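In the UniProt record's numbering, the protein residues as written are 1 to 59. A virtual CB, placed ideally from N, CA and C, is assigned to each residue, including glycine. Quick caveat, the model's predicted, so the values are computed rather than measured. Working notes for the structure below.
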């Protein structure tokens, strides 16, 4: 059985408690708010790539 990956956040977040955290899963990527950890969003690998590309293009 594969061990669950740890949640991580940007190094630029510092000790801020209002961060977006991500972790890879067997089926893609999960994303959550560090202050409200449930529920986490689940992205498929393709969905994650589309989401990241859309965020990178936004003003």
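Next on the checklist: DSSP three-state label for residue 37, please.
Outcome noted: Start at 1 with the first residue of the chain shown, and residue 37 comes out as number 37. If DSSP states are grouped into helix, strand and coil, residue 37 belongs with coil.
Next on the checklist: Helix, strand or coil, according to DSSP, for residue 45 in the structure here?
Outcome noted: By one-based count along the chain shown, residue 45 stands at place 45. Helix.
Item to check | Nearest residue (CA-CA) to residue 26, options 42, 32 and 12 | outcome: Here residue 26 refers to the residue found at position 26 of the chain shown. Cα-wise, what sits closest to residue 26 is 42.
Item to check | Proximity test, Cβ basis, 9 Å: residue 28 and chain D | outcome: You won't find chain D in this structure, because it holds only one protein chain.
Item to check | Assigned secondary structure, residue 4 (DSSP; H/G/I helix, E/B strand, else coil) | outcome: Counted from its first residue, the chain shown places residue 4 at position 4. Of the three classes helix, strand and coil, the one that applies to residue 4 here is coil, per DSSP.
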